[in-house]
Amino acid sequence: MTRSESAKPVRNFGPAQYIAPYLLLIIGNAGVQHAPASERPFLFWLFTAIAALGALSAGVRINRMWSTHRRRTLPAWTRFLGLLLALYGLYVAYRVIAGVNG
């Protein structure tokens, strides 16, 4: 028995697990758009931190989704939600970088 075949329980995977990363990214994106770095630097960096927490949460969620898909077959909608989460995370990162640069 190898390490990858150990008796780790496979978690159930549902759409509710995507809510926290999406909410953090949405709040971070909205805050970055409405609080420019030149006018409100404290709020901008606060919302940047929220967006970074959302990106970290999204990365963890996508990693768990990918490892679950390798262990057993899951419906395709979970991969679709993961793809949307990754794309939205990249969009928010772009918006934060654009906000930092002016």
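Positions in the sequence shown are counted from 1; adding 13 to them yields this note's numbering.
Ideal Cβ placement from N, Cα and C applies to all residues, glycine included.
These figures come from a predicted structure and were not determined experimentally.
Since I believe residue 32 is in contact with residue 44 (beta carbons under 8 Å), could you give me their beta-carbon distance rounded to a whole number of angstroms? Numbered from its first residue, the sequence shown carries residue 44 at position 31. Numbered from its first residue, the sequence shown carries residue 32 at position 19. With a contact defined as Cβ atoms closer than 8 Å, residue 44 and residue 32 miss out at about 18 Å.
Cα-Cα separation, residue 93 to residue 60: The residue you call residue 93 lines up with position 80 of the sequence shown. The residue you call residue 60 lines up with position 47 of the sequence shown. In a straight line, the C-alpha of residue 93 is about 27 Å away from that of residue 60.
Can you name the start and end residues of the alpha helix (DSSP H) that residue 31 belongs to? Along the sequence shown, one-based indexing puts residue 31 at 18. First-last for residue 31: undefined, no H or E at that position.
Whole angstroms is fine: what's the gap from residue 117's alpha carbon to residue 105's? Because the chain in this structure spans residues 14 to 115, residue 117 falls outside the shown range and cannot be described.
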